[in-house]
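Trainee: Take 1 as the starting number for the sequence shown in this note's numbering and just add one per residue.
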Amino acid sequence: MMIKRMLSVGLFCAVMTFTVPVLDVQAAETKIGVMNIQQVLLESTAGKAARDAFEKKAQELQAMFQVEEDELMALQQEIEKKSSAWSQETKDAKVREYQKKGRDLQIKTDDARAELKQLQDREIEPILKNLQVVVEDYAKKEGYTAILDSKAGVLFFDDNIDLSDKMVQELNKQTEK
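#1: Rounded to the nearest angstrom, how far is the Cβ of Thr145 from that of Thr45, given a contact under 8 Å?
#2: Evaluate Leu41 with the Cβ neighbour count: other Cβ atoms within 10 Å of its Cβ, from every protein chain shown; 16 or more gives buried, anything less gives exposed.
#3: With 16 as the cutoff for other CB atoms within 10 Å, does Ile147 come out buried or exposed?
#4: Could you tell me whether the region 114 to 123 touches the region 46 to 66, using the rule of 3 or more Cβ pairs below 8 Å?
#5: Roughly how many whole angstroms lie between the Cα atoms of Ser164 and Leu155?
#6: Can you say whether Ile107 is buried or exposed, counting buried as having 16 or more other CB atoms within 10 angstroms of its CB?
#7: Counting beta carbon pairs with one atom in the region 92 to 107 and one in the region 65 to 81, are three or more of them shorter than 8 Å?
#8: How would you label Leu131, buried or exposed, when you count the other beta carbons within 10 angstroms and need 16 or more for buried?
#9: Measuring straight from C-alpha to C-alpha, what distance separates Asp137 and Lys48?
#10: Using CA coordinates, which residue listed in Asn172, Ile124, Lys140 is at the minimum distance from Gly33?
#11: Tell me, which residues are paired with Gly33 by DSSP?
#12: Just tell me which of Val134, Gln62, Gln88 has its CA closest to the CA of Thr175.
#13: Less than 7 Å between the beta carbons of Ser83 and Lys91, yes or no?
#14: Please classify Asp158: does DSSP put it in a helix, a strand, or coil?
#15: For Asn160, count the other beta carbons within 10 Å of its own beta carbon; 16 or more makes it buried, fewer makes it exposed. Which is it?
#16: Thinking C-alpha only, which one of Trp86, Leu105, Glu43, Lys177 is nearest Met73?
#17: Give me the Cβ distance between Leu61 and Ala93, rounded to the nearest whole Å; I'm assuming they're in contact under 8 Å.
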């Protein structure tokens, strides 16, 4: 019985010897922050410039297509108003013209969307690269274990750990250099 007790105490001491250092490592402070990447992009100086370039191009394309959209609408109204007075051949020709113009406009619109997407990617990519560097540097400097995107699966966080405004400031500093 005495031997069993000594073995139990010895085993307990051995387990505690290996467990206590692990507990000490786990007891180190975990510092977590969150940020809203979309907010940082929209509020940063570089993000605002990218958004302005994107909106300017979108307005240019919209103005370019407005004339064609107006022509298409005018042709539709003409078909609706005058089709009863036209021969079947004339009606068919006008309907084909309307359909062709509609397809052409749709193709141009799709091309414009692709162009806008490329512009957006081209403008945003360098900002995201800079932001990655800024976040890593800030996290190391301030002792963060992790900084998470608040819109990527974080269900709850205390506003005290939201670093979005700080990241906007840090990104602005980085891009002003």
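Every residue, glycine too, gets a C-beta built ideally from N, C-alpha and C.
Mentor: With the structure as the only source:
#1: Locating residue 145 in the sequence shown gives position 145, counting from the first residue. Locating residue 45 in the sequence shown gives position 45, counting from the first residue. Their Cβ separation, rounded to whole angstroms, is 29 Å, which puts Thr145 and Thr45 out of contact at 8 Å.
#2: Within the sequence shown, numbered from 1, the residue matching residue 41 stands at position 41. With 16 or more other Cβ atoms within 10 Å, it is buried.
#3: Locating residue 147 in the sequence shown gives position 147, counting from the first residue. Under this definition Ile147 is a buried residue.
#4: Contact between the region 114 to 123 and the region 46 to 66 is present, because at least three Cβ pairs lie under 8 Å.
#5: Position 164 of the sequence shown holds residue 164. Position 155 of the sequence shown holds residue 155. Ser164 and Leu155: Cα-Cα distance of roughly 16 Å.
#6: The residue you call residue 107 lines up with position 107 of the sequence shown. Label assigned to Ile107: exposed.
#7: yes
#8: Looking up residue 131 in the sequence shown gives position 131. In this structure Leu131 is buried. Its beta-carbon is surrounded by 16 or more other beta-carbon atoms within 10 angstroms.
#9: Translated into positions along the sequence shown, residue 137 becomes position 137. Translated into positions along the sequence shown, residue 48 becomes position 48. Cα to Cα, Asp137 sits roughly 23 Å from Lys48.
#10: As a first step, residue 33 is located in the sequence shown; it is residue number 33 there, counting from the start. Comparing Cα-Cα distances from Gly33 to each of Asn172, Ile124, Lys140, the minimum goes to Lys140.
#11: Sequence index remark: in the sequence shown, residue 33 carries index 33 (1-based). Gly33 is bridged to Ile147.
#12: As a position in the sequence shown, residue 175 is number 175, starting the count at 1. Considering only alpha carbons, the answer is Val134.
#13: The residue labelled residue 83 in the question sits at position 83 within the sequence shown. The residue labelled residue 91 in the question sits at position 91 within the sequence shown. Yes, Cβ-Cβ distance for Ser83 and Lys91 is below 7 Å.
#14: Counting from 1 along the sequence shown, the entry for residue 158 is found at position 158. The answer is coil: DSSP assigns Asp158 none of H, G, I, E or B.
#15: One-based indexing of the sequence shown puts residue 160 at position 160. Exposed.
#16: Numbered from 1 along the sequence shown, position 73 holds the residue referred to as residue 73. Selected option, being the one with the closest Cα: Leu105.
#17: Against the sequence shown, residue 61 aligns to sequence position 61. Against the sequence shown, residue 93 aligns to sequence position 93. Contact flag wrong, Cβ pair sits at about 30 Å.
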